[in-house]
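Everything below concerns the one structure shown next.
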Amino acid sequence: MKKNIWINLGFQAGAFLLALLITTLILIFAGAPPLKAYGSILSGAFGSQKNLIAVLISWSPLLLTTAGVLITFAAGLWNIGIEGQMTLGAIFATWGLRLFQDTNVSPALIIAIGLLFGMAGGALWAALAGALKTFGGVNEIFGGLGLNFVATALTIYLVFGPWKRPGVGSMSGTKPFDEKLWLSTLPGTALSPWGIGLSILAVIVVFILLRGTYFGLKLKAVGKNMRSAFMLGVPTWQYSMFAFLLCGAFAGLAGAIQVEAVYHRLLPNISNGYGFLGLLVAMLINYQAIWVIPIAFFFAALNVGSIQLQIVHKMDSSFAGVLQDLLVLLILLGQGARERLLKKA
Amino acid sequence: MKVELRNIHKRFGKVHASNDIALTIPAGTIQGILGENGAGKSTLMKILSGFIQADSGEILLDDRQVSIKSPADAIQLGIGMLHQDPLDFPPMRLVDNFLLGHAGGLFPNHKEVAWDIQKLNAQFGFALDPEAYVDSLTVGERQQLEILRLLWLGARVLILDEPTTGISASQKTKLFETLRKLAEQGKTIIFVSHKLEDVDVLCHKVAVLTAGKLMGEMNPPFDQKKLVELMFGKEISLGERYSAAAEGATLTLRDLAVEDARLQLSNVNLELRAGEVVGLAGMEGSGQGLFIRACCGLLRPVHGKVTLNHLDLTGKSYHVYKQNGATFLPASRMEEGLVPGLTLTEHFILAEETQGVFINQERGLVLAEERIRSFNIRGTPTSVVESLSGGNQQRALLALLRTPLSLILLEHPTRGLDIESAIYIWGKLKERCKQGSSIVFASSDLEELLQYSDRVIVFYSGKSTPPLDARSLTAGKLGELIGGAGWDEWETEQSA
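First to last, the sequence lines map onto chains A and B.
Position one of the first sequence corresponds to residue 1 (the working numbering), numbered consecutively onward.
Position one of the second sequence corresponds to residue 1001 (the working numbering), numbered consecutively onward.
Here's what the structure looks like:
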């Protein structure tokens, strides 16, 4: 047993080093001095308080989306539709704020309503993907992908149509909300302690859910073998739907926080790839909730840090994506190789 | 082409699926391969057709030793196999199906192939349209298509695996005609089946396999009794039978009719008494599966009534049956019983009633340790189920059963288990009977059926006998019924 853990760790480390090696080669080919580039990423992420805060700001939605997909993965579902669910969360939160912004309802309550609306919107969008799968036989990957496009189109329609800024609609989004409807942030930043707190809470909830509850155990049974789970008396499709709803609610909350704390308005592409990144993080940590917090932080740091590459080395900032994707790919490859080798042994 | 197998061995883990098989089939012969499910028929045929490789042994074609590493090798050498489920491409046209398996140039010549199909059609009296789509064909026509395709590819040895399952009587006649014609042309036909009657009318020669071994060969006229004996092993000795049947019905079936895409079962009646054991006999896929699934709501009956403990549950779902004390343990333990990746403890927790939100891990562990002990499972509470051996998986499944239960349905409860495990499992089941549970089990093991059942229902191609008193049955009689002989008694009754 012990030995297995070490072999496992060895493969992980090997995969990490290989990913680093390949990205270094890419950097060399791109004409950027590798060490300097890595240095820029580091200083871009942690070099100043401002940068660190930017990392924390992207950490929060990543925690939420990763927590969400851990649930759907446990149920054996590939919730690719999480991007759309986050977008719908943002749309619903905006809707909630707009509904109450000109009333006498206390701002704190409106903010809470916005968050709840966001969760409901995400859950609704996830329920659609779930219903397509359960009742329509549409694989959740295709259903989710399609719904992502619909969600994007819907945002653009709203931003340029019914919710456009006074005058002319613009890609920069709807008219910003009044300051009293902003989720409280650290002074002078877009970092909301509430957002961070709720995100960490979500991870803890998922951790407990999957670890010690009947719900989590049944979900895992459904994910690992639906037929056996059914024979053991688990209402299988209902559990799949629950998984979608929960994941959607978390993604929706992430979208709502983007609206209420970061941008204070709805804008196109508000999900910003956090959903897909959440899927990557979940795969990288082998679906173990305990690792979400540090690894999501690492990914957020890479994302923010690589913005420096663009500024300093004139490289595309998507370089962070290259490193992240390689990492996940090689770790998965390492797991496959390990299984093959151990089976042969 | 003459086919010769010498000392073929193949093992899958502990199972010796082909054990020193030696068989010679002269050119122009229709060779029957007979055996019950799991006897090793398919393994042997897959070795000959290149789907799997033997661990050791030789294959000779026309006295020349060959090595067959893939189905492509096999067809190159002239060996074609017709699978039980046709391996064709339903959304494509017939010609395209022909071209797919053909090692041809870059640009397929449709016209020529269509012409070839017509020529072959004429030769065998088939009426296949080359431009038709495969999914518009019946099972029988797809079989014809596959035969033509293999011949077109140059097959001189044709292997047919259970070809008479799922086709109509007239298609069967046609198939047999075709096979006879091919044999006259000097082609070698290998006909794998468990149906005595088919083998009887068609084959020139029969080999019987049991548990991976070639038990014997026979030339016509075939002695059915002898074949049955060979198939099921010579000595069928019965242990002491004991019965716990009491009064009061747990399950009643009234004029039940169920069907799936392949099979229809109708006019089934049963009154199952508390503590009674009813065995379902028959070759795999003869209707027992339908029957057992209809008894627990996994299959909705098209007609008739199912009552459990005097409650009409017709058309209700499996979970409703489960709540009313019925449970089903299917044959495929890892697919429909246990959840790979979960531990024994997690299974026991899942199987028990949910209590609150949080799992009491300690109580789960205590429960697991107790069940592991009382069911003699070789594993620990944290063992994942796939790490257990087949026998221990079966014990685990039984250990998952809740108490009390009024109806336990099982498929092949002891298949693949060693004798010790089998006896143990029946001991546990009989304990349940004493507590008032009724048991319905399907099995292909005659000894098991006769020893443990109070009554037996035999299935054959969607027909079923009324429940027969197990004491009045012999292994020979049961074997005959399973093979489709001696059914006249009920057929006249049904038509009357």
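Think of the CB as a built atom: it goes at the ideal place given N, C-alpha and C, for glycine as much as any other residue.
Leu-60(A) versus Ile-311(A) - alpha carbon distance = Counting from one through the first sequence, the residue named residue 60(A) turns up at place 60. Counting from one through the first sequence, the residue named residue 311(A) turns up at place 311. Looking at the sequence itself, residue 60(A) is Ser, so the reference to Leu does not match. Cα to Cα, Ser-60(A) sits roughly 25 Å from Ile-311(A).
Among Ala-1155(B), Tyr-1452(B) and Glu-1353(B), which has the Cα closest to the Cα of Tyr-214(A)?
-> For this step, residue 214(A) is matched to residue 214 along the first sequence. For the residues Ala-1155(B), Tyr-1452(B) and Glu-1353(B), the minimum Cα distance to Tyr-214(A) belongs to Glu-1353(B).
C-beta neighbour in chain B for Lys-224(A), strict 8 Å = Start at 1 with the first residue of the first sequence, and residue 224(A) comes out as number 224. Closer than 8 Å to some Cβ of chain B, the Cβ of Lys-224(A) qualifies, so yes.
Kindly indicate which residue of Gly-1032(B), Leu-1175(B), Lys-1463(B) and Arg-1455(B) has the alpha-carbon position closest to the one of Met-1231(B).
-> Taking the first residue of the second sequence as 1, we reach residue 1231(B) at position 231. Check the Cα spacing between Met-1231(B) and each of Gly-1032(B), Leu-1175(B), Lys-1463(B) and Arg-1455(B): the tightest is with Gly-1032(B).
Output, in chain order, the set of chain E residues within a Cβ distance shorter than 7 Å of Thr-103(A).
-> Here the protein chains are A and B, and chain E is not one of them.
Which term fits Cys-1433(B), buried or exposed, when burial requires 16 or more other beta carbons within 10 angstroms of its beta carbon?
-> Within the second sequence, the letter at position 433 stands for residue 1433(B). Buried, because 16 or more other Cβ atoms sit within 10 Å of the Cβ of Cys-1433(B).
Roughly how many angstroms separate the alpha carbons of Ser-1374(B) and Glu-1420(B), rounded to a whole number?
-> In the second sequence, counting from the first residue as 1, residue 1374(B) sits at position 374. In the second sequence, counting from the first residue as 1, residue 1420(B) sits at position 420. If I take the Cα positions, the gap works out to 15 Å.
Report the three-state DSSP secondary structure of Glu-1036(B) (helix, strand or coil).
-> Within the second sequence, residue 1036(B) is the residue found at index 36, counting from 1. Coil at Glu-1036(B), not helix or strand.
Alpha carbon to alpha carbon, how far is Ala-261(A) from Pro-162(A)?
-> By one-based count along the first sequence, residue 261(A) stands at place 261. By one-based count along the first sequence, residue 162(A) stands at place 162. Approximately 23 Å, taken between the alpha carbons.
Could you spell out where the beta strand (DSSP E) holding Tyr-1460(B) opens and where it closes?
-> As a working mapping, residue 1460(B) is identified with position 460 in the second sequence. Note, Tyr-1460(B): beta strand (DSSP E), 1455-1460.
Since Val-1339(B) meets chain A, which of its residues come closer than 7 Å, beta carbon to beta carbon?
-> In the second sequence, counting from the first residue as 1, residue 1339(B) sits at position 339. Contact note: Val-1339(B) reaches chain A through Ala-221, Lys-224, Asn-225, Ser-228 and Ala-229, using a C-beta cutoff of 7 Å and chain order.
Report the rounded CA-to-CA distance for Gly-47(A) versus Gly-81(A), giving the unit in angstroms.
-> For this step, residue 47(A) is matched to residue 47 along the first sequence. For this step, residue 81(A) is matched to residue 81 along the first sequence. Computed Cα separation, rounded: 35 Å.
Does Gly-212(A) come within less than 8 Å of chain B when only Cβ atoms are used?
-> Residue 212(A) sits at position 212 when you count from the first residue of the first sequence. Put simply, the CB of Gly-212(A) is near chain B, with a gap under 8 Å to one of its CB atoms.
By a C-beta neighbour count over all protein chains shown, 10 Å radius and 16 as the cutoff for buried, is Tyr-1452(B) buried or exposed?
-> Mapped onto the second sequence, residue 1452(B) falls at position 452. That one is buried.
C-beta neighbour in chain A for His-1319(B), strict 8 Å | Here residue 1319(B) refers to the residue found at position 319 when the second sequence is read from its first residue. Yes, its Cβ sits closer than 8 Å to a Cβ of chain A.
Which residues does DSSP pair with Val-304(A) in a beta bridge?
-> By one-based count along the first sequence, residue 304(A) stands at place 304. Partner(s): none; Val-304(A) has no beta bridge.
Which whole-angstrom value is the C-beta distance of Val-1306(B) and Ala-1294(B), which I expect to be below 8 Å?
-> Within the second sequence, the letter at position 306 stands for residue 1306(B). Within the second sequence, the letter at position 294 stands for residue 1294(B). Cβ atoms of Val-1306(B) and Ala-1294(B) come within 8 Å of each other, at about 7 Å.
Option nearest Ile-319(A) by Cα separation, candidates Phe-29(A), Ala-296(A) and Leu-217(A) | To locate residue 319(A), count along the first sequence from 1; it is residue 319. Correcting the residue type first, residue 319(A) is Phe in the shown sequence and not Ile. Cα-wise, what sits closest to Phe-319(A) is Phe-29(A).
Out of Ser-1437(B), Ser-1067(B), Ile-1117(B) and Gln-1361(B), state which residue places its alpha-carbon closest to the alpha-carbon of Ala-1132(B).
-> For this step, residue 1132(B) is matched to residue 132 along the second sequence. The candidate whose alpha carbon is nearest that of Ala-1132(B) is Ile-1117(B).
Grab me the residues of Val-1339(B)'s own chain with a C-beta within less than 6 Å of its C-beta, minus the 5 sequence neighbours each way, in chain order.
-> Reading the second sequence from its first residue, position 339 is the one you call residue 1339(B). For Val-1339(B), where only same-chain residues beyond five positions count, there are no Cβ hits under 6 Å.
Measure the CB-CB distance between Asn-148(A) and Glu-83(A) and report whether it falls below 8 Å.
-> Position 148 of the first sequence, counting from 1, holds the residue named residue 148(A). Position 83 of the first sequence, counting from 1, holds the residue named residue 83(A). In this structure, Glu-83(A) lies closer than 8 Å to Asn-148(A) by Cβ.
Closer than 6 Å by C-beta to Gly-1239(B): which residues in its own chain qualify, once you throw out the five before and the five after it? Chain order, please.
-> For the purposes of this step, residue 1239(B) is taken as residue 239 along the second sequence, with counting starting at 1. In this predicted model, Gly-1239(B) has a pLDDT of only 49, less than 50, meaning its place in the structure is not dependable; the value taken from the coordinates is given anyway. Closer than 6 Å at Cβ, skipping near neighbours: Gln-1451.
When the cut-off is 8 Å and only beta carbons count, does Ala-13(A) lie next to chain B?
-> Residue 13(A) sits at position 13 when you count from the first residue of the first sequence. The beta-carbon of Ala-13(A) is placed no less than 8 Å from the nearest beta-carbon of chain B.
Distance, Cα to Cα, Pro-943(B) vs Leu-1148(B)?
-> The requested residue 943(B) is not part of the displayed model; chain B covers only 1001 to 1496.
Among Pro-1026(B), Asn-1376(B) and Phe-1051(B), which has the Cα closest to the Cα of Asp-1063(B)?
-> Within the second sequence, the letter at position 63 stands for residue 1063(B). For Asp-1063(B), the nearest C-alpha among the options comes from Pro-1026(B).
Quick one: list the residues of chain A neighbouring Leu-1350(B), beta-carbon separation under 9 Å, in chain order.
-> For the purposes of this step, residue 1350(B) is taken as the residue at position 350 of the second sequence. Listed along chain A, the residues sitting closer than 9 Å to Leu-1350(B) by beta-carbon distance are Tyr-214, Leu-217, Lys-218, Ala-221, Ala-229, Leu-232, Gly-233 and Val-234.
Buried versus exposed, by CB contacts within 10 Å (16 or more), His-264(A) = On the first sequence, position 264 is the one that residue 264(A) refers to. Flag for His-264(A) reads buried.
What are the residues of the region 1002-1013 of chain B that lie near chain A, defined by any Cβ-Cβ distance shorter than 9 Å?
-> none
Please name the residue in Asn-1376(B), Ala-1054(B) and Leu-1048(B) whose C-alpha comes closest to that of Lys-1010(B).
-> For the purposes of this step, residue 1010(B) is identified with residue 10 of the second sequence, where counting begins at 1. Closest by alpha carbon: Ala-1054(B).
Does the count of Cβ pairs from the region 226-240 of chain A and the region 61-69 of chain A closer than 8 Å reach three?
-> no
Which residues of chain A have a Cβ atom closer than 9 Å to the Cβ of Glu-1335(B), listed in chain order?
-> Counted from its first residue, the second sequence places residue 1335(B) at position 335. Result: Asn-225, Arg-227 and Ser-228.
DSSP-derived helix/strand/coil call for Ile-82(A) | What you label residue 82(A) is simply residue 82 of the first sequence in a count that begins at 1. Helix, per DSSP.
For Leu-245(A), which of Met-86(A), Phe-16(A), Gly-14(A) and Lys-50(A) has the nearest alpha-carbon?
-> Locating residue 245(A) in the first sequence gives position 245, counting from the first residue. Per the Cα distances, Met-86(A).
The beta strand (DSSP E) spanning Leu-1409(B) covers which residue range?
-> As a working mapping, residue 1409(B) is identified with position 409 in the second sequence. Its beta strand (DSSP E) spans residues 1407-1411.
Buried or exposed for Glu-1235(B), please, with buried defined as at least 16 other CB atoms from any protein chain shown within 10 angstroms of its CB.
-> Numbered from its first residue, the second sequence carries residue 1235(B) at position 235. With a pLDDT of only 47 at Glu-1235(B), under the threshold of 50, the placement of this residue in the model should not be trusted, and no figure is reported.
Chain A contact for Val-1366(B) (CB, 8 Å cutoff) = Indexing the second sequence from 1 puts residue 1366(B) at position 366. So no, Val-1366(B) is outside the interface.
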